[in-house]
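To start, the structure itself, in structure tokens.
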Amino acid sequence: MLDSRPGWCETWEVKILGIETSCDETAAAVVEDGQDMLSNVISSSVDLHTAYGGVVPEIAARSHIEVIIPVIEQALADAKTSWDDIDAIAVTQGPGLIGSLLIGVLTARTLAIAKNKPLYPINHVLAHSYANFITSTSLPGYQLSSRAPGFPFLSLIVSGGHSQIMLYDSHNNYNILGQTRDDAVGEAFDKVAKILGLPYPGGPSVDKTAANGDPTTVTLPKSKLDNPYEFSFSGLKTAVLRAAQEMAGKDYTLPSFELPALLTDGQKADLAASFQKTACETLADAMVKAEAEYKPKFVLLAGGV
Numbered sequence: 071m072l073d074s075r076p077g078w079c080e081t082w083e084v085k086i087l088g089i090e091t092s093c094d095e096t097a098a099a100v101v102e103d104g105q106d107m108l109s110n111v112i113s114s115s116v117d118l119h120t121a122y123g124g125v126v127p128e129i130a131a132r133s134h135i136e137v138i139i140p141v142i143e144q145a146l147a148d149a150k151t152s153w154d155d156i157d158a159i160a161v162t163q164g165p166g167l168i169g170s171l172l173i174g175v176l177t178a179r180t181l182a183i184a185k186n187k188p189l190y191p192i193n194h195v196l197a198h199s200y201a202n203f204i205t206s207t208s209l210p211g212y213q214l215s216s217r218a219p220g221f222p223f224l225s226l227i228v229s230g231g232h233s234q235i236m237l238y239d240s241h242n243n244y245n246i247l248g249q250t251r252d253d254a255v256g257e258a259f260d261k262v263a264k265i266l267g268l269p270y271p272g273g274p275s276v277d278k279t280a281a282n283g284d285p286t287t288v289t290l291p292k293s294k295l296d297n298p299y300e301f302s303f304s305g306l307k308t309a310v311l312r313a314a315q316e317m318a319g320k321d322y323t324l325p326s327f328e329l330p331a332l333l334t335d336g337q338k339a340d341l342a343a344s345f346q347k348t349a350c351e352t353l354a355d356a357m358v359k360a361e362a363e364y365k366p367k368f369v370l371l372a373g374g375v
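By the count of our numbering, the sequence shown reaches residue 375 at its end, each step adding exactly one.
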């Protein structure tokens, strides 16, 4: 459990079962003493959504129903933990897809009543930052810092549905310095991937394609807002569409779904690289300004893009 004093974590001997169903992934984990990850089980329904080029809320919710109990049981088994050892349950209460959230919350509430465990609702955007407080695990494949962040810290949260900069002075004492005014950067990646005819999810597809492109080929605009810590990616997305239409023959009436067949692999790579460079620079520029103004002890990067 996290200490209220600025800077550090106090260790209590507790084991928490965490349940996450905010979007298309069903996840459960057991964490001990607020910092030691004993298990982390994730079931993704991404293959079900690929044909649609994005997450379909009803399909995501149905997938959660099918797998949530097996995922929880596997998390307990991997942690070598029984229900008698679990001190409390934490569950994502939002933000997210309402149907997906309902499955997780209803399951967690039912288990809390049946097993007589305290239940804690969690804002999953805040949880992105607090993933950096996980400092130890025996699970393979994880590279963790051995030291938890100290206060104050800045956190850049970049996910499919959220892009924001947050300043934490202490636990539960934070301010949102800025956030996207329209598309989150993850959503922009997905939409650019569609324009280029790349598979969903857009983040890894654009990144892989961009590796073969020249990021200086196309000059794309960066948003200029009155708040230097806020973002806008809708204009960038539209600029990619216009650049693709120009490459495809300067026909600005071409619908986006016709463009992939008219672009070469090299053009797609250049557009992907130019977009990714501009999007990342937009985020980095804002964080550099925030770091210079607020002088935090730590800068955290969090999210799923």
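Quick reminder that beta carbons are idealized off the backbone N, C-alpha and C, glycines included.
May I have the straight-line CA-CA distance separating Leu196 from Ser216, to the nearest angstrom?
The straight-line gap separating the alpha-carbon atoms of Leu196 and Ser216 is approximately 21 Å.
CB Val141 to CB Ala97, shorter than 8 Å?
yes
Rank Ala99, Val358 and Val84 by C-alpha distance to the C-alpha of Leu108 and give the top, closest one.
The residue among Ala99, Val358 and Val84 with its C-alpha nearest the C-alpha of Leu108 is Ala99.
Apart from the five residues on each side of it in sequence, which residues of its chain come closer than 6 Å, Cβ to Cβ, to His194?
Ser92 and Thr162
Cβ atoms of Gly374 and Gly230: under 8 Å apart, would you say?
Yes, these two residues count as a Cβ contact at 8 Å.
Please classify Thr334 as buried or exposed, where buried requires at least 16 neighbouring CB atoms within 10 angstroms.
exposed
Output yes or no for whether 8 Å exceeds the beta carbon distance between Thr352 and Lys261.
no
Starting from Ile173, trace the alpha helix (DSSP H) both ways and give me its first and last residue.
Ile168 to Lys185
Are the stretch 283-297 and the stretch 149-162 in contact at 8 Å, needing three or more beta carbon pairs?
The stretch 283-297 makes no contact with the stretch 149-162: fewer than 3 CB pairs, one atom from each, lie closer than 8 Å.
With a floor of 3 residues, list each beta strand (DSSP E) that falls wholly inside the stretch 201-269, ordered by position along the chain.
223-228, 233-240 and 243-249
How is Gly336 classed by DSSP in three states: helix, strand or coil?
The answer is helix: DSSP assigns Gly336 an H, G or I state.
Would DSSP call Lys365 helix, strand or coil?
coil
Take the Cβ of Tyr238 as the centre, count every other Cβ of all protein chains shown within 10 Å, and call the residue buried at 16 or more, exposed below.
buried
Let's see if you can read the secondary structure: which residues bound the alpha helix (DSSP H) around Asp117?
Val116 to His119
Candidates Glu102, Gly166, Gly211 and Ile156: which alpha carbon is nearest Pro408's?
Missing from the structure shown is residue 408; the chain here goes from 71 to 375 and no further.
Looking at the unbroken beta strand (DSSP E) that takes in Pro191, where does it start and where does it end?
Looking at the DSSP string, the run of the beta strand (DSSP E) that includes Pro191 is Leu189 to Asn193.
By a C-beta neighbour count over all protein chains shown, 10 Å radius and 16 as the cutoff for buried, is Phe345 buried or exposed?
buried
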